[in-house]
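K.L.:
This is the structure I want to talk about, given as structure tokens.
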Amino acid sequence: MTFRKYLVLAGVTVFAAAGDSMLSHGMKQTGEISLHHLQSIILAVGNPWVAVGIVLLLAFFASYMNALSWADLTYVLPATSLGYVLLALVAKFALHEAVSPLRWLGIALITGGVGFVAGGPSLTSHEHSHPTTFDAASSEVTS
Amino acid sequence: MKHMYTWGAIVAVAFASVVGDILLARAMKQVGDVHELWKRSGLWTVVARTVGNPNFFMGLAAMAVGFFSLLFALSWGDVSLVAPAAASLTFIGNAFAAKIFLHEKVDHRRWMAAMLVAAGVALLAG
Chain A
1 MTFRKYLVLA GVTVFAAAGD SMLSHGMKQT GEISLHHLQS IILAVGNPWV
51 AVGIVLLLAF FASYMNALSW ADLTYVLPAT SLGYVLLALV AKFALHEAVS
101 PLRWLGIALI TGGVGFVAGG PSLTSHEHSH PTTFDAASSE VTS
Chain B
144 MKHMYTWGAI VAVAFASVVG DILLARAMKQ VGDVHELWKR SGLWTVVART
194 VGNPNFFMGL AAMAVGFFSL LFALSWGDVS LVAPAAASLT FIGNAFAAKI
244 FLHEKVDHRR WMAAMLVAAG VALLAG
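Chains as they are written, first to last, in this note's numbering: chain A, 1 to 143; chain B, 144 to 269.
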């Protein structure tokens with residue numbers, strides 16, 4: 001893991017958290033979408049919060065694709081889940097919302113989960129598809 | 144009735160997200176490490192090879208389905224239920240799907256991470 005790779009994972013985390021919160025704020029302004037008026041979902045994109053949210057989610061997507069090109073899906077997903085913790089901290093310190101003890105426990109669990117994957121390898125080595133010289137040597141010995 | 148719509152949309156979001164994640168992860172593994180590729184052949188090659196990958200397009204389509212299901216779910220249910228429920232289901236679904244379809248080595252460490260994150264995300268709704 002290089003500094004650049006950590007930066008990409010941080011990008012995935014921050015862009016997803018910021019994009020999702022803007023989107024949900026915008027959709028609350030737009031109001032309920034009824035199954036009988038599906039065209040209103042297109043109008044929702046005209047809401048500035050939804051529009052900025054979509055731009056941020058595009059930035060998230062680019063960083064996410066970047067991360068998936070060099071790391072396992074089951075590594076990238078937990079590693080970038082700190083975004084939820086970020087959202088809770090923003091709610092507490094920027095928006096002055098109350099964060100209940102259960103939410104703090106949730107934050108602790110997520111942080112623990114991130115710690116679990118961060119200590120392990122980021123990519124599964126598929127020895128079958130890319131035989132190394134070591135594998136070639138050992139199979140010669142057995143045959 | 145609205146409750147059923149909300150949960151139906153949540154399950155749809157999770158299912159579409161898992162399908163999308165698996166296809167996109169497979170596409171990017173086929174493209175290869177984008178840092179290396181960028182250094183070797185330039186940004187244009189990275190973009191062309193990504194956009195030209197069929198798995199990438201199918202993954203994108205699945206993500207689009209997931210995105211619109213999320214908009215529906217958010218308009219019916221509270222964000223504090225919809226977002227954590229869909230995310231939790233997606234985390235668990237992805238751990239299974241990545242093991243089966245991508246042959247990733249999901250060891251105890253990764254199972255623990257997926258479970259802890261899924262539980263933590265669910266608790267954040269409280």
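Just so you know, even glycine gets a beta-carbon here, dropped at the ideal spot from N, CA and C.
On a predicted model such as this, the values are computed, not experimentally measured, just so you know.
1. Tell me the start and end of each unbroken alpha helix (DSSP H) in the segment 149 to 223 of chain B that is at least 4 residues and wholly inside, in chain order.
2. Quick check on T124 (chain A) - is its C-beta less than 7 angstroms from some C-beta in chain B?
3. Can you check whether the C-beta of N47 (chain A) is within less than 7 angstroms of a C-beta belonging to chain B?
4. Would A159 (chain B) and A205 (chain B) qualify as a contact pair, given that the criterion is a beta-carbon distance under 7 angstroms?
5. Could you check the C-alpha separation between T133 (chain A) and F244 (chain B) for me, to the nearest Å?
6. Taking C-beta to C-beta, are V50 (chain A) and G26 (chain A) nearer than 7 angstroms?
7. For chain A, is any of its Cβ atoms less than 7 angstroms away from the one on N196 (chain B)?
8. If you reduce the DSSP assignment to three classes, tell me which class S231 (chain B) lands in.
9. To the nearest whole angstrom, what separates the beta carbons of A229 (chain B) and L213 (chain B), a pair I think is in contact under 8 angstroms?
10. Rounded to whole angstroms, what's the CA-CA distance from S218 (chain B) to A157 (chain B)? Just pull it up for me.
11. Should K182 (chain B) be flagged as near chain A, meaning a C-beta pair shorter than 7 angstroms?
12. Helix, strand or coil: which one does DSSP assign to A136 (chain A)?
13. Can you look up V249 (chain B) in the DSSP assignment and give me helix, strand or coil?
14. With DSSP as the reference, label S125 (chain A) as helix, strand or coil.
15. Please report how far the alpha carbon of W70 (chain A) lies from the alpha carbon of K172 (chain B), in whole angstroms.
16. Any idea if A98 (chain A) is buried or exposed, counting beta-carbon neighbours within 10 angstroms, 16 or more meaning buried?
17. Helix, strand or coil for D20 (chain A) per DSSP?
18. Could you tell me the alpha carbon to alpha carbon distance between T188 (chain B) and L180 (chain B), rounded to whole angstroms?
19. In terms of alpha-carbon separation, which member of A:F3, A:A59, A:L23, A:G31 lies closest to T13 (chain A)?
20. Scan the segment 214 to 230 of chain B for residues whose Cβ lies nearer than 9 angstroms to a Cβ of chain A and list them as they occur along the chain.
21. Distance cutoff 7 angstroms, beta carbons only. Does G151 (chain B) sit that close to anything in chain A?
22. Three-state secondary structure (DSSP) at M255 (chain B)?
23. Taking 6 angstroms as the line, does the beta carbon of S231 (chain B) fall inside it for any heavy atom of the ligand MN?
24. Taking Cβ-Cβ distances below 8 angstroms as the criterion, which residues of the segment 247 to 259 of chain B are in contact with chain A?
25. Residue ranges of each alpha helix (DSSP H) run of no fewer than 4 residues wholly in the segment 54 to 106 of chain A, ordered along the chain?
P.N.:
A quick look at the data gives this:
1. As far as the segment 149 to 223 of chain B is concerned, its whole alpha helix (DSSP H) runs of at least 4 residues are 177 to 184, 186 to 194, 197 to 219.
2. Position 124 of the first sequence, counted from the first residue, corresponds to residue 124 (chain A). So yes, T124 (chain A) belongs to the interface.
3. For the purposes of this step, residue 47 (chain A) is identified with residue 47 of the first sequence, where counting begins at 1. With 7 angstroms as the cut-off, N47 (chain A) does not count as an interface residue toward chain B.
4. One-based indexing of the second sequence puts residue 159 (chain B) at position 16. One-based indexing of the second sequence puts residue 205 (chain B) at position 62. Yes, they are a contact pair.
5. In the first sequence, counting from the first residue as 1, residue 133 (chain A) sits at position 133. In the second sequence, counting from the first residue as 1, residue 244 (chain B) sits at position 101. With a pLDDT of only 42 at T133 (chain A), under the threshold of 50, the placement of this residue in the model should not be trusted; the figure read from the coordinates follows. Distance between the alpha carbons of T133 (chain A) and F244 (chain B): 27 angstroms.
6. By 1-based counting over the first sequence, the position of residue 50 (chain A) is 50. By 1-based counting over the first sequence, the position of residue 26 (chain A) is 26. Closer than 7 angstroms, so yes.
7. For the purposes of this step, residue 196 (chain B) is taken as the residue at position 53 of the second sequence. Not one chain A Cβ lies under 7 angstroms of N196 (chain B).
8. As a first step, residue 231 (chain B) is located in the second sequence; it is residue number 88 there, counting from the start. Helix, per DSSP.
9. Within the second sequence, numbered from 1, the residue matching residue 229 (chain B) stands at position 86. Within the second sequence, numbered from 1, the residue matching residue 213 (chain B) stands at position 70. Between A229 (chain B) and L213 (chain B) a beta carbon distance of about 7 angstroms is seen, short of the 8 angstroms cut, so the two are scored as contacting.
10. Locating residue 218 (chain B) in the second sequence gives position 75, counting from the first residue. Locating residue 157 (chain B) in the second sequence gives position 14, counting from the first residue. When rounded, the distance between both Cα atoms is 17 angstroms.
11. As a first step, residue 182 (chain B) is located in the second sequence; it is residue number 39 there, counting from the start. False, the Cβ-Cβ gap to chain A never drops below 7 angstroms.
12. If you number the first sequence from 1, residue 136 (chain A) lands on position 136. Reliability fails at A136 (chain A), whose pLDDT of 41 lies under 50, so the model's placement of it is uncertain and no value is given.
13. Numbered from its first residue, the second sequence carries residue 249 (chain B) at position 106. Judged by DSSP in its simplified three-state form, V249 (chain B) adopts coil rather than helix or strand.
14. By 1-based counting over the first sequence, the position of residue 125 (chain A) is 125. Coil at S125 (chain A), not helix or strand.
15. To locate residue 70 (chain A), count along the first sequence from 1; it is residue 70. To locate residue 172 (chain B), count along the second sequence from 1; it is residue 29. Rounded to whole angstroms, W70 (chain A) to K172 (chain B) spans 7 angstroms at the Cα level.
16. Looking up residue 98 (chain A) in the first sequence gives position 98. So A98 (chain A) ends up on the exposed side.
17. As a working note, residue 20 (chain A) is residue 20 in the first sequence. Three-state result, D20 (chain A): helix.
18. On the second sequence, residue 188 (chain B) is found 45 positions in, with the first residue counted as 1. On the second sequence, residue 180 (chain B) is found 37 positions in, with the first residue counted as 1. Roughly 8 angstroms separates the two Cα atoms.
19. Taking the first residue of the first sequence as position 1, residue 13 (chain A) is located at position 13. The residue with the shortest Cα to Cα distance from T13 (chain A) is A:A59.
20. Of all residues in the segment 214 to 230 of chain B, only L214, F215, L217, S218, W219, V222, V225, A226, P227, A230 place a beta-carbon less than 9 angstroms from a beta-carbon of chain A.
21. To locate residue 151 (chain B), count along the second sequence from 1; it is residue 8. So no, G151 (chain B) is outside the interface.
22. The residue given as residue 255 (chain B) occupies position 112 in the second sequence. Of the three classes helix, strand and coil, the one that applies to M255 (chain B) here is helix, per DSSP.
23. Of the ligands one can find in the structure shown there are none, so the ligand MN has no counterpart to examine.
24. Listed by position, the residues of the segment 247 to 259 of chain B near chain A (Cβ gap below 8 angstroms) are E247, K248, V249, D250, R252, R253, M255, A256, A257, M258, L259.
25. If we require 4 residues or more, the alpha helix (DSSP H) runs fully inside the segment 54 to 106 of chain A come out as 73 to 79, 82 to 93.
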